[in-house]
Amino acid sequence: MQKLEQISSLMLTLVVSILALSAPAAAKSPRDIVSRHDRNSTVTVDHAGWDRLLSQFVKPGADGLNRVDYAAFKARGHDQLKTYLLSMGRIDPRVLNRNEQFAYLANLYNAKTIDIVLDHYPVRSIKDISLGGGLFAAFTGGPWKAKVVSINGVSLSLDDIEHEILRKVYWDPRVHYAVNCASIGCPNLGSRAFSGAKLDVLLESAARDFVNSPRGVRIQGDRVMVSSIYEWFKADFGGNDTGVLRHLMKYAEPLLAAKLKSIGAIANHDYDWRLNDIKTAGGL
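Right, here's the structure in full:
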């Protein structure tokens, strides 16, 4: 009887061990994919495919707004975009330096956003696209909560890339000028891909372009109207209106900077969620 109990105990231990080994690994945090970096790394990511697509289908307008020719992109570039995205899924960001990591993540975010729009095009707004992601996503609309890419075995949503990684790891307000949500009110989708070597120059240019556009800042009499980005993410721009104004004045052209300093307060904010399609008329 005692021997039988010992055998049963051993069998139970064996079963538990097998179950433990076969159980899925605990979920990883989005930030695990950049849990480390190599500051001395000279490894670069090849974004040439994405760069060619941007130069071909992003159309800068006389009003300063970059629009996307989604119809042509869907017909002639969507397969190439999916090939680029597959190649990005094979990258291990931890072997990159910080600038290369940032460029990789910003390009991945923007490319996947365009891919999602093209999968559902024609649409009037990215908020009309629902990919699931829970009750909050159903309420707000948009694809941002759904897990849409995988890096090093970690499934990520667009929100994970922007809010859990880029904003929380790099602590740079210029993140908001790098990621594009396919909307008129968003900072421009650049006509060239980000690269680690030119990252700071490209981010500074993107910041200046947006701040000095009516989508970023508008002066109406003695009132300052700003993009809702500066309200939604006020914590990234100093935590209060004073910090936001200081940030805006850093990038504003002299005349605009003088007006911001003179008025010294923000009256309101707004945002245009219409698709940044070449067919979308008007804009701020």
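Residue numbers (the working numbering): 219 to 502.
Think of the CB as a built atom: it goes at the ideal place given N, C-alpha and C, for glycine as much as any other residue.
As the structure is a prediction and not an experimental result, all values here were calculated from the model.
Worksheet entry | Integer Cβ distance of S348 from L493, believed to fall under 8 Å | As a working note, residue 348 is residue 130 in the sequence shown. As a working note, residue 493 is residue 275 in the sequence shown. Between L493 and S348 the Cβ distance is about 15 Å, and since that is not below 8 Å, they are no contact.
Fill in: Closer than 8 Å to chain D by CB, G456
Looking at the structure shown, chain D is missing, and only one protein chain is on hand.
Worksheet item: Are the CB atoms of W285 and K386 nearer to each other than 8 Å?
Response: In the sequence shown, counting from the first residue as 1, residue 285 sits at position 67. In the sequence shown, counting from the first residue as 1, residue 386 sits at position 168. Reading off the sequence, residue 285 comes out as Arg, not Trp. The Cβ atoms of R285 and K386 lie no closer than 8 Å to each other.
Fill in: Cβ pair count under 8 Å reaching 3, the segment 404-424 against the segment 257-277
Under the Cβ criterion (8 Å, minimum of three pairs), the segment 404-424 counts as touching the segment 257-277.
Worksheet item: Measuring CA to CA, which of A411, L421 and I437 is closest to L473?
Response: Within the sequence shown, residue 473 is the residue found at index 255, counting from 1. Per the Cα distances, I437.
Worksheet item: Based on the DSSP secondary-structure assignment, which residues constitute the bridge partners of L493?
Response: Translated into positions along the sequence shown, residue 493 becomes position 275. Checking the DSSP bridge columns, you'll see L493 partnered with S401.
Worksheet entry | Any 3 or more C-beta pairs closer than 8 Å across the segment 451-458 and the segment 413-426 | As far as the Cβ criterion goes, the segment 451-458 does not touch the segment 413-426, which means the pair count is below three.
Item to complete: Might you give, ordered along the chain, the residues of its own chain that have their beta carbon closer than 7 Å to the beta carbon of Q319, omitting 5 neighbours on each side?
Response: By one-based count along the sequence shown, residue 319 stands at place 101. Counting only Cβ-Cβ distances below 7 Å, and skipping sequence neighbours, we find V252, H255 and P311.
Fill in: Runs of alpha helix (DSSP H) lying entirely within the segment 240-317, each at least 4 residues, in chain order
Fully enclosed alpha helix (DSSP H) runs of 4 or longer: 266-275, 288-294 and 296-306.
Worksheet item: Taking just the CA atoms, how far does V261 sit from S431?
Response: Your numbering for residue 431 matches position 213 in the sequence shown. Your numbering for residue 261 matches position 43 in the sequence shown. When rounded, the distance between both Cα atoms is 35 Å.
Discussion item. Can you list, in chain order, the residues of its chain with a C-beta nearer than 7 Å to that of H465? Leave out the 5 residues immediately preceding and following it.
Written reply: The residue labelled residue 465 in the question sits at position 247 within the sequence shown. When the five nearest sequence neighbours on each side are left out, the beta carbons in the same chain lying within less than 7 Å of the beta carbon of H465 are those of P391, F455 and G456, in order along the chain.
Fill in: Extent of the continuous beta strand (DSSP E) run through R441
What you label residue 441 is simply residue 223 of the sequence shown in a count that begins at 1. R441 to S445 is the extent of the beta strand (DSSP E) around R441.
Worksheet item: Excluding the five sequence neighbours on either side, which residues of its own chain have a C-beta within less than 8 Å of the C-beta of V435, listed in chain order?
Response: For the purposes of this step, residue 435 is taken as the residue at position 217 of the sequence shown. Non-local beta-carbon contacts of V435 in its own chain, meaning distances under 8 Å to residues more than five positions away in sequence, involve V429, V442, M443, V444, S445, L466, A470, L474 and L478 in chain order.
Discussion item. Only counting the same chain, and skipping five residues up and downstream in sequence, which positions put a Cβ closer than 6 Å to that of G282?
Written reply: The residue given as residue 282 occupies position 64 in the sequence shown. Within the same chain, G282 has close Cβ partners S431.
Worksheet entry | Uninterrupted beta strand (DSSP E) stretches inside the segment 411-475 (no shorter than 3 residues) | 435-438 and 441-445, all fully within the segment 411-475.
Item to complete: Figure out for me which residue from H487, K300 and S368 has the closest Cα to the Cα of V335.
Response: Position 117 of the sequence shown, counted from the first residue, corresponds to residue 335. Comparing Cα-Cα distances from V335 to each of H487, K300 and S368, the minimum goes to K300.
Discussion item. Relative to the C-alpha of D346, which candidate in Y339, G359 and S247 has its C-alpha closest?
Written reply: Residue 346 sits at position 128 when you count from the first residue of the sequence shown. D346 has its Cα closest to that of G359, out of Y339, G359 and S247.
Worksheet item: From S247 to I402, what does the alpha carbon distance come to, in whole angstroms?
Response: On the sequence shown, position 29 is the one that residue 247 refers to. On the sequence shown, position 184 is the one that residue 402 refers to. If I take the Cα positions, the gap works out to 32 Å.
Practice prompt. Look at the alpha carbon of V372 and the alpha carbon of L303, and state the distance between them as a whole number of angstroms.
Written response: Locating residue 372 in the sequence shown gives position 154, counting from the first residue. Locating residue 303 in the sequence shown gives position 85, counting from the first residue. Taking the straight line joining both Cα atoms gives about 15 Å.
Worksheet item: Whose C-alpha, out of F412, G350 and K497, is nearest the C-alpha of G267?
Response: In the sequence shown, residue 267 corresponds to position 49, counting from 1. Cα-wise, what sits closest to G267 is F412.
Discussion item. I'd like the span of the beta strand (DSSP E) that includes V393, first residue to last.
Written reply: Taking the first residue of the sequence shown as 1, we reach residue 393 at position 175. For V393, no beta strand (DSSP E) segment is defined; the enclosing uninterrupted segment is the alpha helix (DSSP H) at V393 to A396.
Worksheet item: Does the beta-carbon distance from Y448 to I379 come in below 8 Å?
Response: By 1-based counting over the sequence shown, the position of residue 448 is 230. By 1-based counting over the sequence shown, the position of residue 379 is 161. Result no, Cβ atoms of Y448 and I379 do not sit closer than 8 Å.
Worksheet item: Start and end of the alpha helix (DSSP H) containing K386?
Response: Your numbering for residue 386 matches position 168 in the sequence shown. Counted as a single uninterrupted DSSP element, the alpha helix (DSSP H) harbouring K386 occupies residues R385 to Y388.
Worksheet item: What residue from Y339, L384, V341 and A289 has the CA that sits closest to N325's CA?
Response: As a working mapping, residue 325 is identified with position 107 in the sequence shown. Checked all of Y339, L384, V341 and A289; the closest Cα to N325 is L384.
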